[in-house]
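Taken in order, these protein sequences are the chains called H and P.
So for the first sequence, our numbering puts the first residue at 1; every next one is plus one.
So for the second sequence, our numbering puts the first residue at 254; every next one is plus one.
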Amino acid sequence: MRRSNLGFVVAELVLKDFRVRYRNMSLGVFWSLLNPLTMMAILTFVFTQVFENRIPHYPLYVLCGLIPYNFFTLSWVTGTASISENPSLVKRIPMQTALLPLVSVLSNTLHLAIQLLLVFAMVLWYGLPVTWHYLWLPAIWFLELLFIYGLALASSSLHVVVRDVRYVVESANLILFWLVPIFYSFAMVPAAYRSLYEFNPVAALVLATQHVILGHRSPPAALMWKMTLVSAVFLLLGAFVFSRLKRRFYRYL
Amino acid sequence: MSDSIRAENLSVIYRPRGSRRLLRQYLQDRLTGRQAAGFYALHDVSFTVPRGEGLAVVGANGAGKSTLLAVLAGLLAPDSGCVAVDGRLSTLMELGSGFHPDLTGWENLRLYGAILGMSRSELRERAEQIVEFAELQGYMDQPLRTFSSGMVLRLAFSVAVHAQGDVILVDEILAVGDAAFQRKCHRRLRALREQGATLVCVSHVSAMLESLCSRGIWLHHGRLVQSGPYQEVAAAFTAFINGENRHLWDALPDAPVRTPG
Chain H
1 MRRSNLGFVV AELVLKDFRV RYRNMSLGVF WSLLNPLTMM AILTFVFTQV
51 FENRIPHYPL YVLCGLIPYN FFTLSWVTGT ASISENPSLV KRIPMQTALL
101 PLVSVLSNTL HLAIQLLLVF AMVLWYGLPV TWHYLWLPAI WFLELLFIYG
151 LALASSSLHV VVRDVRYVVE SANLILFWLV PIFYSFAMVP AAYRSLYEFN
201 PVAALVLATQ HVILGHRSPP AALMWKMTLV SAVFLLLGAF VFSRLKRRFY
251 RYL
Chain P
254 MSDSIRAENL SVIYRPRGSR RLLRQYLQDR LTGRQAAGFY ALHDVSFTVP
304 RGEGLAVVGA NGAGKSTLLA VLAGLLAPDS GCVAVDGRLS TLMELGSGFH
354 PDLTGWENLR LYGAILGMSR SELRERAEQI VEFAELQGYM DQPLRTFSSG
404 MVLRLAFSVA VHAQGDVILV DEILAVGDAA FQRKCHRRLR ALREQGATLV
454 CVSHVSAMLE SLCSRGIWLH HGRLVQSGPY QEVAAAFTAF INGENRHLWD
504 ALPDAPVRTP G
């Protein structure tokens with residue numbers, strides 16, 4: 001396949017995902033908003049009424065954590081299955097198989113964009129200022145995209161060979177929920193663990209988003225460096241695992 | 254005339270572990286150091302196809318024809334040997350990969366065209382032509398699930414033959430739609446070949462195949478039994494299926510693979 005065509009193929013495949021997902025739903029894109037809104041309501045109830053906390057604008061705070069977390073887990077799970085669920089593309093069409101996990105991640109990014117609109121709506125509703133620090137958001141999300149793509153590239157390749165990978169991914173996501181500052185704040189994490197905690201790219205993404213949207217300031221440089229480092233490492237790891245395993249796809253699917 | 258396809262000493266080994274997906278089995282194999290024996294799906298197959306020629310691949314079920322196409326398409330890396338394909342490749346292997354029943358005819362057309370390697374502008378140029386060829390004018394705004402299976406195949410075939418590769422790989426799909434559409438497909442493939450495309454067709458021996466392919470190769474249990482002008486190869490293969498030259502069965506047993514480790 002010619003290189004100039006890659007963008008077109010990816011765009012068409014993402015568009016397909018989007019159309020297929022929403023075409024037969026009467027509520028359409030509102031489903032994307034219903035899930036985070038419900039979770040937000042429940043978490044807000046539990047952590048303001050059942051437990052006490054002093055985090056301001058708590059519903060918005062929860063949303064700033066929940067939406068990136070949801071984006072990560074959905075992208076990772078669908079990315080992991082993307083190669084093994086498309087044997088007719090992998091075995092019959094000479095196309096770049098490495099595009100399939102990318103398409104999964106980008107499809108979820110479209111989803112994410114819709115949910116971010118919800119965040120901005122709440123920012124306006126609370127009357128919080130929109131500052132020039134918002135320019136950090138695309139950079140932060142881009143780094144996260146690279147990280148997830150690398151991760152999905154590795155896990156989707158492994159999943160073709162060893163079909164247990166999917167369950168590992170699902171379990172990891174459950175554990176991860178507690179290691180991301182969604183309903184508690186980073187300040188509650190004991191100081192001894194904070195530096196290590198920031199190496200979790202999903203936590204870093206949430207922290208950076210909170211800094212920009214709720215703190216009206218740039219994310220700390222150390223945090224951004226850690227995100228960059230982890231993203232680069234995972235992208236290389238993904239490329240390495242994929243290139244080692246791609247020869248086997250035809251035989252294993 | 255230069256060669257469009259050059260295959261040298263291609264061998265592909267299928268091992269039962271190819272279907273191994275479970276961790277338990279993987280660990281078992283690792284710990285016992287056992288390597289399951291496999292068989293040659295292709296064994297030392299060499300041939301060339303000059304530019305603009307048609308090559309027919311014939312053989313009984315399980316002879317390795319589809320494996321050969323997969324190797325030519327770059328979908329399957331051979332265990333040894335090498336293959337060089339010169340030019341843009343297009344495949345008519347499994348029609349409609351990537352089609353989705355909820356998308357409209359137009360949407361599926363664009364998607365399938367993109368997957369098969371057509372650019373945005375090529376698709377824009379050829380879209381009307383593709384629809385006209387598939388005889389689906391007036392249906393394209395409907396979701397694909399409302400199409401009959403013949404209509405779906407016609408659309409897929411039509412997109413695929415408009416991808417205009419320099420090398421076209423065709424896997425037993427000439428039986429598309431009704432007799433009239435089959436003739437049309439066949440004429441289209443022949444026209445593409447006359448414009449300089451190289452064809453490789455896996456199919457049953459037929460008059461259609463004969464008019465598309467001037468050369469043939471006959472595979473049996475992964476080995477190349479005979480290659481040459483299509484008529485000769487087809488005649489020998491037909492005689493073989495009809496029971497003559499049965500000694501070939503004995504001369505060519507499955508080649509088991511025993512590799513250490």
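The beta-carbon is built from N, C-alpha and C at its ideal position, and this holds for glycine as well.
What you are looking at is a predicted structure, and each value in this text was computed from that prediction instead of being measured.
In whole angstroms, what separates the C-alpha of residue i from that of residue j?
i, j, result
"P/Met404", "P/Leu389", "7 Å"
"P/Pro513", "P/Arg283", "With a pLDDT of only 40 at P/Pro513, under the threshold of 50, the placement of this residue in the model should not be trusted; the figure read from the coordinates follows. For P/Pro513 and P/Arg283, the distance between alpha carbons rounds to 13 Å."
"H/Glu302", "H/Thr78", "Lying before the first or after the last residue shown, residue 302 of chain H is absent from chain H, which here runs from 1 to 253."
"H/Thr38", "H/Ser32", "11 Å"
"H/Gln210", "P/Leu322", "53 Å"
"H/Ile175", "H/Val165", "15 Å"
"H/Ile182", "H/Leu102", "26 Å"
"P/Ser343", "P/Ala367", "12 Å"
"P/Leu445", "P/Val478", "29 Å"
"H/Met1", "H/Met95", "Residue confidence for H/Met1 is low, a pLDDT of 48 falling below 50, so the modelled location carries little weight and cannot support an answer."
"P/Ile266", "H/Leu158", "21 Å"
"H/Val233", "P/Ala409", "41 Å"
"H/Leu143", "P/Arg407", "44 Å"
"P/Ser464", "P/Glu447", "12 Å"
"P/Leu362", "H/Ala11", "14 Å"
"P/Arg398", "P/Val420", "32 Å"
"P/Ser257", "P/Ala309", "15 Å"
"H/Trp132", "H/Phe147", "25 Å"
"P/Ala492", "P/Ala313", "12 Å"
"H/Gly238", "H/Phe199", "18 Å"
"H/Lys226", "H/Pro220", "10 Å"
"H/Leu116", "P/Thr320", "47 Å"
"P/Gly327", "H/Ala121", "49 Å"
"P/Ala337", "H/Leu236", "29 Å"
"P/Arg443", "P/Leu329", "27 Å"
Opposite residue i in the DSSP bridges: which residues?
i, result
"P/Ser343", "P/Ile421"
"P/Ile266", "P/Tyr293"
"P/Arg476", "P/His473"
"P/Thr357", "P/Pro396"
"P/Asp431", "Answer is none; P/Asp431 lacks a bridge partner."
"P/Ile258", "P/Val302 and P/Val338"
"P/Gly481", "P/Gly469"
Can you give me the start and stop residues for the beta strand (DSSP E) that residue i sits inside?
i, result
"P/Ala294", "Gly291 to Pro303"
"P/Trp471", "Arg468 to His473"
"P/Thr451", "Thr451 to Val455"
"P/Ser333", "Ser333 to Val338"
"P/Val310", "Gly307 to Val311"
Cβ closer than 8 Å: which chain P residues qualify as neighbours of residue i?
i, result
"H/Pro94", "Ala326, Gly327, Leu328, Leu342, Thr344 and Gly370"
"H/Asn5", "Ala367, Gly370, Met371 and Ser372"
Comparing the C-beta of residue i with each C-beta of chain H, is any distance below 9 Å?
i, result
"P/Tyr586", "In the structure displayed, chain P extends from 254 to 514; residue 586 of chain P sits before or after that span and is not available."
"P/Tyr267", "yes"
"P/Ser257", "no"
"P/Gly514", "In this prediction, P/Gly514 scores a pLDDT of 34, lower than 50, which makes its location untrustworthy; the coordinate-derived value is nonetheless stated afterwards. It does not; no Cβ of chain H falls within 9 Å."
"P/Arg283", "no"
"P/Ala323", "yes"
"P/Glu425", "no"
Measure from the C-beta of residue i to each C-beta in chain P and report whether the shortest distance is under 9 Å.
i, result
"H/Ser257", "Outside the shown range of chain H, which is 1 to 253, sits residue 257 of chain H, and nothing can be said about it."
"H/Val29", "no"
"H/Lys91", "yes"
"H/Arg244", "no"
"H/Arg247", "yes"
"H/Arg251", "yes"
Since residue i meets chain P, which of its residues come closer than 7 Å, beta carbon to beta carbon?
i, result
"H/Tyr22", "Within 7 Å Cβ-Cβ: nothing; H/Tyr22 doesn't reach chain P, min ~10 Å."
"H/Glu12", "Arg363, Leu364 and Ala367"
"H/Phe8", "Ala367, Ser372 and Arg373"
Between which two residues does the alpha helix (DSSP H) holding residue i run?
i, result
"H/Ala203", "Pro201 to Ile213"
"H/Tyr193", "Ala191 to Tyr197"
"P/Met461", "Ala460 to Leu465"
"P/Lys318", "Lys318 to Leu325"
"H/Met40", "Phe30 to Phe45"
"H/Asn86", "Where H/Asn86 is concerned, there is no enclosing alpha helix (DSSP H), given that its DSSP letter is neither H nor E."
"H/Arg244", "Ala221 to Leu245"
"H/Asp164", "It is not in any alpha helix (DSSP H) - H/Asp164 carries neither H nor E in the DSSP assignment."
Using a Cβ cut-off of 9 Å, pull out every chain H residue sitting near residue i, in sequence order please.
i, result
"P/Leu356", "Lys16, Arg19, Val20 and Arg23"
"P/Glu306", "The contacting residues do not exist; P/Glu306 stays about 21 Å from chain H at best."
Cβ closer than 7 Å: which chain H residues qualify as neighbours of residue i?
i, result
"P/His353", "Lys16 and Val20"
"P/Arg398", "Going along chain H, no residue has its Cβ under 7 Å from P/Arg398, so there is no contact; the nearest lies around 11 Å."
"P/Ser350", "Ser88, Leu89, Arg92 and Ile93"
"P/Glu347", "Ser88 and Arg92"
"P/Glu360", "Arg19"
Cβ of residue i versus every heavy atom of the ligand GTP: is any distance shorter than 8 Å?
i, result
"H/Leu214", "In terms of ligand content, the structure shown is empty, and the ligand GTP therefore cannot be addressed."
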